[in-house]
Every structure is written in structure tokens, then in C-alpha cells.
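Report on the following structure.
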Amino acid sequence: RKEVEQDPGPFNVPEGATVAFNCTYSNSASQSFFWYRQDCRKEPKLLMSVYSSGNEDGRFTAQLNRASQYISLLIRDSKLSDSATYLCVVNRADALNFGKGTSLLVTP
Amino acid sequence: SQTIHQWPATLVQPVGSPLSLECTVEGTSNPNLYWYRQAAGRGLQLLFYSVGIGQISSEVPQNLSASRPQDRQFILSSKKLLLSDSGFYLCAWSVALREGEQYFGPGTRLTVT
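Protein sequence lines, in the order shown, are assigned to chains A and B.
Going by our numbering, the first sequence opens with residue 19, and the numbers climb by one from there.
Going by our numbering, the second sequence opens with residue 978, and the numbers climb by one from there.
Right, dumping it as C-alpha cells:
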């Protein structure tokens, strides 16, 4: 089993839609979780950390389910500018493990 | 505020040629530093990380090496490039090795011909 798994997509959604991504991880000892955003041919940028109780940042909501070892990202009221690849990231003992990403395309 | 620089932005090199990519961080002391490679259509692969000057941990030996001659400088090198070395090379820094967020430089896009 891969350490961090994501559906690669692409997810094609209209503007204003709500879209959710899931990610599963294999290491039950992981303690830190993040979502990064990567635009085409650019570096990844931290979108948000994921806390045990769940957290929200504007239109973005992240959830963590430790029992099932999955993380989710919900984007409400999608904007054209949300089009990007979203990387799920989980810590390991000495570094971070990055998923391959889920591609989102928001269309007019 | 902290900034991270990488150069060059793009590079085209023939097979068998040497490589040197440089990364520097400003605005922080004793950062943890990382080199990643992202091949076309693939995820981020951790190549090396460093917790201090002269301290390098290798994830994927291959034909690449890394050095940290100064606190905020991280260099990725190769003596002879392979076609499979093509990719997007990203340097990143973090404060805490185990749990902290990582912040990436703009990357170097390397094409080996």
C-alpha cells in the first residue's frame, strides 16, 4: 500500500460547485497532515494544515479521520482560480510524504 | 519574512554532463533543507534532506549528491547526468524536522537531452 494515496482525478466542476477530495495514508503513527496546492509548472504551496478536530479557512474545510486513516478537503463555492492540483501530505518520522495529487478544473 | 531562492529556473543539459543546482534561504537560521524531484506525471520524490551544515541524509542515492556548505545554502550535484534525471527539482525548507510545514522554492526545470 502506498504511503499516501489520492484519486488523481481530474475533477471537472462548474463555478460555484462544492467539491471534496479524499486521501488515505498508511502510517497510523503519523501526527501531522497538510493540504498543499500546486499550480501547473509551479512549486507546491501550503494551503492548510489539518487538525484532529477539523478546521476551516474561508471556503476550505479540512477533516481528519484517524480511525479510518483518511483526510478530506472540501471546497465550497468553487472559483475558476481554484483550478490546480491538490496534494495530500502526511508526516513520517523524519520528513513529509506527499501524495501524487488530485487535479481540479473549475469551468465557467 | 523568509524567502527561498533557486537557480537556474530552467536548464537543458546533455547526457553525461555535470549538474549543480543551488538553493538559498533568507530570513531564518538553521533551517531544515530538502531537495525533491517531480518527474512528469509523478509525485514529489524526496532526494535529500539536511538538518545542519555538512549533515546530509540521502533518500535516493542514484547518481546525485547534495551538500550544505553554509547554514542557508543547499546544493544538488551530479557528475554525469542520465536521461532519467530530467524533472522539476524543488528545494524546500522547514523549521521543525518532524512535523513542520515545508516551504518550497520556485524550482528548476531540468531537461537532459
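Ideal placement from N, C-alpha and C gives every residue a C-beta, glycine not left out.
No experiment lies behind these values; they were computed from the predicted model shown.
- By the criterion of at least three beta-carbon pairs nearer than 8 Å, the region 21-29 of chain A is not in contact with the region 1035-1053 of chain B.
- Pairing residue 68 of chain A with residue 991 of chain B, the inter-Cα distance amounts to about 43 Å.
- Assignment of residue 1058 of chain B by DSSP, reduced to helix, strand and coil, places it in the coil class.
- Taken through DSSP and simplified to helix, strand or coil, residue 99 of chain A comes out as helix.
- Residue 38 of chain A has its alpha-carbon roughly 6 Å from the corresponding atom of residue 93 of chain A.
- A direct Cα-to-Cα measurement between residue 83 of chain A and residue 1065 of chain B gives close to 32 Å.
- The secondary-structure analysis by DSSP pairs residue 107 of chain A across a beta bridge with A/52 and A/116.
- At a cut-off of 8 Å between beta carbons, residue 1049 of chain B makes no contact with chain A.
- Residue 105 of chain A sits buried, since 16 or more C-beta atoms from the chains shown fall within 10 Å of its C-beta.
- Across the set A/95, A/31, A/34 and A/43, the C-alpha of A/43 shows the shortest separation from the C-alpha of residue 116 of chain A.
- Per DSSP, the beta bridge partners of residue 983 of chain B are B/1000.
- Residue pairing from DSSP places residue 23 of chain A in a beta bridge opposite A/42.
- In the three-state scheme derived from DSSP, where H, G and I count as helix and E and B as strand, residue 1029 of chain B is classed as strand.
- Proximity of residue 1053 of chain B to chain A, defined by a Cβ-Cβ separation below 8 Å, is not satisfied.
- Put simply, the CB of residue 117 of chain A is near chain B, with a gap under 8 Å to one of its CB atoms.
- With fewer than 16 other CB atoms across the displayed protein chains lying within 10 angstroms of its CB, residue 1030 of chain B is exposed.
- Taking a cut-off of 8 Å on C-beta distances, the region 988-1005 of chain B does not touch the region 44-54 of chain A, as fewer than three cross pairs fall below it.
- Among the residues facing chain B, residue 64 of chain A is included, as its CB has a counterpart in that chain under 8 Å away.
- If you check the CB distance, residue 1068 of chain B and residue 1012 of chain B come in under 8 Å.
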